[in-house]
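What follows is a short report on a single structure.
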Amino acid sequence: MEKRKLWHANWALIILTVIIVAVGLANLYSACAIRLEDGIAFRPFYQRQLGFVGIGALCMIFAMMFDYRRLETIALPLFILSIVLLLLVPVIGKEVGGARRWIPLGIINLQPSEVAKITVMIMGAKLLAKGKGAMGWAEFFKVLFMGMIPCMFVFLQPDLGTSIIIMAILGGMIIFRGIKAPIVKLGILLLLLSPIFIWKGVYPNLKPYQQQRIKSFVDPSAASRDALFQRDQALIAIGSGQTWGKGWMDGPQNNLHFIREKHTDYAIAVFGEEHGFVGSAALVGLFCLFLLSICATARDAKDRFGSYLCAGVFFYFLWQILINIGMVSGMMPVVGVPLPFFSHGGTGTVVNFCLIGIVLSVSMRRFVFKTS
Amino acid sequence: MRIQLDSDGNQLPKLGLLILQGCVLFLFFFLVLRLWYLQILRGDYYESRAHSNRWKDAQIYANRGLILDDKGVILAENSPAYSIALVREDCPDIPAALAQVSKWTGLSGQDIQVNYNRARKESSQSFAPLILVPSVDFDQLARIESQLVNWPGLVILSRQRRYYTHGNMFAHVLGYVSIASDDDHKKFPELSIGDTVGKQGLEVVLEDRLRGIKGLNAFEVDVHGRQLFKRVEYKPKGGENIRLSLDVDLQRAATAAMGNNAGCIVVMEPDSGKLRALVTLPSYDNNIFTAKLSGAQWALLRDDPRHPLHNRVIQSVYPPGSVFKLPMANMLLQMGVDPNETVFCNGQVTLGNRVFRCWKKGGHGRVNMTRSLIESCDVYYYQMGDRAGIDRIHDFAIKSGFGRLTGIDLPYEKSGLVPSKAWKRANFPKDPGWQRGENYNTSIGQGFTLVTPVQMAVYVSSLLNGGKLMKPLLVDNDDPVITGMAPSTEKERKFIVEGMRQTVYDARGTAKRILRTDAVMGGKTGTAQVIRLGDVRQKTEEMAYQHRDHAWMVSWGIKGNKKYVVVVMVEHGGGGSSAAGPVVKAVYDHLFAEDVYGPLPPVVASGAARQDVNIDEVYTEEVLKAAEDWQKEAAE
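So the protein lines, in turn, are chains L and E. If you use my numbering, the first sequence corresponds to residues 1 to 372, in order. If you use my numbering, the second sequence corresponds to residues 1001 to 1636, in order.
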């Protein structure tokens, strides 16, 4: 039985994940190297990421074994737990760089907003799986309301990026399920009106640094010299990679530390510089195949809950990839979103692996019928 | 635990799946397009940005060539100077930075703002350092440097600054260097922002030889600007050191002799055209131009009624006065006038209802040509000049080097003016044409004629060197350049030279003030009227300064193998002899210094010199005896 399940697992996804993780680690290795007059020293991010990948892989295997259908039953308690964690952040949270986002748990710092992403996804899958066909108003608002609660707490932390991503994941799932025509019309109307809403309602309530990021994207001359420098240097790094790149470990923008945050949000700039257009396009292609293989499981899933879960995971990765590469390549405002498997970060890496584990769990059980 | 199952199976939304796949396609297309734009289309641009990111070029300044006097005394050198500058594109808050500079240096905020505004006007690039404070003391520097990191956009520039060791004394000859303007950058593309370039005097004329070629260092730097690797692209090549023919000691002595007067002195070697001293007063300290001159300083210099910026030797034109009688006499000889023909001078000549006076009330009596030179009789030249006519005078003067540039290696030389009938018709079309009275005036060096002191020196030199009009030279090893030949014959020149000698040694000579027994001297004075004289003659001291006559004296002196021409012009000095004479005397005192109290050189020994000069008659024992007699007479 177990063997057969394993045989049915989404092997394409596993292989793609392994490749992306390996490339990401190699890139981080290069990004962490410091050239000294006598040899090379490494900043510790690379080793730590290796550790996170190990933990993540274990979590992935655990999630694979775990029957995803149980998630449906514990969705609500998980959701409530994540709300509690979010509420705890202002009380026992650790402040880093002007934002209170982390709860210290001994050796690692837990980021409740990351947890909320997952629980909203599971809760959303559960709610969406209850009905069939296009959604009506009542169902729509129920799902939306569920998502808004954690979103608000995350926004107040303040963490604009994550709160937008939570809503974007949920929104993607809703669209995947399908909605009735009037809601679509209203959605389009709201979309058209959203610039006014954002300008009048959201923008004045943002923290100054958040406002600054948006301002600097709309009007580069308003940007602080520092922010401009960071953006500019990332573009120079990517652009100077040209067709074939400077070669692994050989990117001058990387080596001379012109790229800031190159081990986290700007890791793709290092990759672009060292591997050029060929490498970067291939990487984007890898990510696309990766997403398509998640898509495949969403299609093949035995039940609706599994499908929606996969759709949630799909959007979880899609938005992060799109926003991160979009930001680093200068098409979007600077929002602190990491690139999956490329950016150093404990919680993020482990969560990424867990989500892939869930998708694998769905794919393994696509031919399982009644078990009782 | 019971696992719930969907009884009705999974009916997937088809549209939803399409949307997911569409999203992936969109992602791929969008991101790859952007990467293609950045890496392929604009790859070269970003590559060059990356390159300039890490390779910082640092220019190594080439030392500007030194300027030395004939004995090797430094006149212009380079000293290190530190200035505070502001780079606009690096400066987040310019007013605050300016205020901070004011706090550091103790200069008023207004001054710094003015400097900033002016520098801002001169260069439009945002990366150009704008100099706020041109020079900072060493102890201030240390304090400022330690705080500089907190003020992005403020930089300390260290560069060579030109220093003129003798300031005022050579200001007009050396000129000055100053920060290159936009025009200079167009002219010399090799200059970089903030470089200095010659603006006046020899500094501009010799710019190409003095500047040298900059070297280049390339540094690989990291994001913090830390230098990791240095590559010397090429080494700097210093400019040429240039030795002038001018002599510091002579220049100093000559300057001192002028006292507080405005005017100028030219000391020239007649055979080579080399200038040994070139004094123009009042002067200014050219060192103030190498730093940024403040607006007030500049206005003060520019608007000074005594025009200290003016190089009077080449840029001021004066009526030649009686000095003009030298070329006049030469021309008369050429016309065929017998030098022994006499004119009776009773002190004035009447032409129509106008009276032309001789400078000497009561007149000189009967004068021949030599006498007319010795005593500078005006009436002789009124009559003889009228006989010659203006066009003959004009032609001769032009050929003798007047009315045209001498070609001296200094900028903005003026050519002066020698009038002619054609000239008057062209410039005064409403006037009835050339008048006879104007012949009179022109003949004694008044009227329209205007000459520069350096033209005078060239002319007098031509009398002694066989008629060659030499280009006045300032650089010691420049080869002599003959710019033309005077239209006179050797015999005529000898006659004039002898006339000049007698003007010194004759008891009634107007230039006897410069007489010396250790050398043979010749001279001619001139008193150039600035305004028309009224009927009542005033003493110089009674006249307003700007109405006083200009005093000229041209001279030559020969001692052994030393031969010099000295021209002195004292603006509004009054009489040529009384005002310019003592200055000429002092210059010769210096020139012939080591022998002032020594024995006279034996007559025969100077034979070589005599042959060179061709003034055989000059050096006779008779003349020397006469001179000694006169000196005794003067002493009593």
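Glycine is no exception: its CB is placed at the ideal position from the N, C-alpha and C atoms. Keep in mind that this is a model prediction, so the values were computed, not measured.
If you measure from the beta carbon of Ala298(L) to each beta carbon in chain E, is any gap under 8 Å?
-> Yes, its Cβ sits closer than 8 Å to a Cβ of chain E.
Pull up the distance between the alpha-carbon of Ile1265(E) and that of Val1587(E), whole angstroms please.
-> One C-alpha to the other measures close to 9 Å.
Given Leu1107(E), which residues of its chain have a CB within under 7 Å of its CB, disregarding the five upstream and five downstream residues?
-> So the qualifying residues of the chain are Val1133.
Ile34(L) at chain E interface by Cβ criterion, 8 Å = Interface annotation, Ile34(L): not in contact with chain E, CB-CB separation never under 8 Å.
Endpoints, alpha helix (DSSP H) assigned at Ser1488(E) = Under the DSSP assignment, Ser1488(E) falls outside any alpha helix (DSSP H); it carries neither an H nor an E label.
Please list the residues of the segment 159-178 of chain L that have a C-beta atom closer than 7 Å to any C-beta atom in chain E, keeping them in chain order.
-> Result list: Ile175, Phe176, Arg177 and Gly178.
For the alpha helix (DSSP H) that contains Gln1455(E), what are its first and last residues?
-> Pro1453 to Leu1464 is the extent of the alpha helix (DSSP H) around Gln1455(E).
Would you please verify whether the beta carbon of Ile20(L) is less than 8 Å from any beta carbon of chain E?
-> Not an interface residue.
Expressed to the nearest angstrom, what Euclidean distance is found between the alpha-carbon atoms of Ser1606(E) and Thr1510(E)?
-> Because Ser1606(E) carries a pLDDT of 33, less than 50, the predicted location of this residue cannot be relied on, and the following value inherits that uncertainty. A direct Cα-Cα distance of roughly 26 Å separates Ser1606(E) from Thr1510(E).
Nearest to Ser113(L) by CA position, among Pro333(L), Leu322(L) and Thr347(L), is which residue?
-> When Pro333(L), Leu322(L) and Thr347(L) are compared, the shortest CA-CA separation from Ser113(L) is found for Thr347(L).
Would you be able to state if there are at least three C-beta pairs under 8 Å between the segment 1518-1525 of chain E and the segment 1559-1578 of chain E?
-> Because the criterion of three Cβ pairs below 8 Å is met, the segment 1559-1578 of chain E and the segment 1518-1525 of chain E touch.
Could you spell out where the beta strand (DSSP E) holding Trp1298(E) opens and where it closes?
-> For Trp1298(E), there is no enclosing beta strand (DSSP E); the residue is part of the alpha helix (DSSP H) that begins and ends at Gly1295 to Asp1303.
State the DSSP-derived secondary structure class of Lys1235(E), mapped to helix, strand or coil.
-> Lys1235(E) falls in the coil class under three-state DSSP.
First and last residue of the uninterrupted beta strand (DSSP E) at Lys1559(E) | That run of the beta strand (DSSP E) goes His1550 to Lys1559.
Cβ of Leu235(L) within 8 Å of any chain E Cβ = Yes, its Cβ sits closer than 8 Å to a Cβ of chain E.
Where does His1394(E) land, buried or exposed, given buried means 16+ other C-beta within 10 angstroms?
-> Within a 10 Å sphere around the beta-carbon of His1394(E) sit 16 or more other beta-carbons, which makes this residue buried.
Looking at the unbroken beta strand (DSSP E) that takes in Arg1159(E), where does it start and where does it end?
-> First-last of the beta strand (DSSP E) with Arg1159(E): Leu1154 to Tyr1164.
Report all residues from its chain with a CB closer than 7 Å to the CB of Val1323(E); omit the five preceding and five following residues, and keep chain order.
-> Result list for Val1323(E): Gly1445, Met1456, Lys1524, Gly1526, Trp1552 and Val1554, in chain order.
Just tell me which of Trp7(L), Trp11(L), Leu6(L) and Lys3(L) has its CA closest to the CA of Ile294(L).
-> It is Trp11(L) whose Cα lies nearest to the Cα of Ile294(L).
May I ask you to list the residues that DSSP assigns as paired with Cys1345(E)?
-> In the DSSP output, where bridge partners are listed per residue, Cys1345(E) has Gly1365(E).
Given that Gln1021(E) touches chain L, what residues does it touch there, using C-beta distances under 8 Å?
-> Residues of chain L passing the Cβ test: Leu292 and Cys295.
Within its chain, find whatever has a CB closer than 6 Å to the CB of Val359(L); leave out the 5 residues flanking it on each side and keep chain order.
-> Here the set comprises Ile294, Thr297, Cys310 and Val313.
Which residue from Val1032(E), Asp1195(E) and Glu1498(E) puts its Cα closest to that of Asp1182(E)?
-> Nearest C-alpha to Asp1182(E): Asp1195(E).
In the structure shown, what three-state DSSP assignment does Phe1170(E) receive?
-> Assigned with DSSP and collapsed to three states, Phe1170(E) falls in helix.
If you measure from the beta carbon of Ala1050(E) to each beta carbon in chain L, is any gap under 8 Å?
-> Chain L contact via Cβ: present.
With C-beta atoms as the reference, is Leu1035(E) less than 8 Å away from Ala227(L)?
-> One thing to note: Leu1035(E) has its Cβ no nearer than 8 Å to the Cβ of Ala227(L).
Counting pairs of Cβ atoms below 8 Å between the segment 1039-1059 of chain E and the segment 327-334 of chain L, do you hit three or more?
-> Segments in contact, no.
Buried or exposed: Lys1430(E), going by 16 or more other Cβ atoms within 10 Å of its Cβ?
-> A residue is called buried once 16 or more other Cβ atoms fall within 10 Å of its Cβ, and Lys1430(E), having fewer, is exposed.
Which residue from Arg1159(E), Glu1145(E), Gly1401(E) and Ala1507(E) puts its Cα closest to that of Ile1179(E)?
-> The candidate whose alpha carbon is nearest that of Ile1179(E) is Arg1159(E).
Hey, is Gln253(L)'s beta-carbon within less than 8 Å of any beta-carbon in chain E?
-> Yes - at least one Cβ of chain E is within 8 Å of the one on Gln253(L).
Taking C-beta pairs closer than 8 Å, name the residues in chain L that Gln1039(E) reaches, listed in chain order.
-> Under the 8 Å cutoff, chain L gives Ile238, Gly239, Gly241, Gln242, Thr243, Gly272, Gly276, Phe277 and Ser280.
Can you find a C-beta in chain L that's less than 8 Å from the C-beta of Arg1088(E)?
-> With 8 Å as the cut-off, Arg1088(E) does not count as an interface residue toward chain L.
Please check if any C-beta of chain L sits within less than 8 Å of the C-beta of Asp1285(E).
-> Chain L, which has no Cβ nearer than 8 Å to the Cβ of Asp1285(E), makes this no.
Under the assumption that Met1258(E) contacts Val1583(E) (Cβ atoms under 8 Å), give the Cβ distance between them as a whole number of angstroms.
-> Contact annotation, Met1258(E) with Val1583(E): C-beta distance approximately 6 Å; criterion of less than 8 Å satisfied.
Given a threshold of 16 other Cβ atoms within 10 Å of its Cβ, counted over all protein chains shown, does Ser194(L) qualify as buried or as exposed?
-> When all chains shown are included, Ser194(L) counts as exposed.
Given a threshold of 16 other Cβ atoms within 10 Å of its Cβ, counted over all protein chains shown, does Lys397(L) qualify as buried or as exposed?
-> Chain L is shown from 1 up to 372; residue 397(L) falls before or after that span and cannot be answered.
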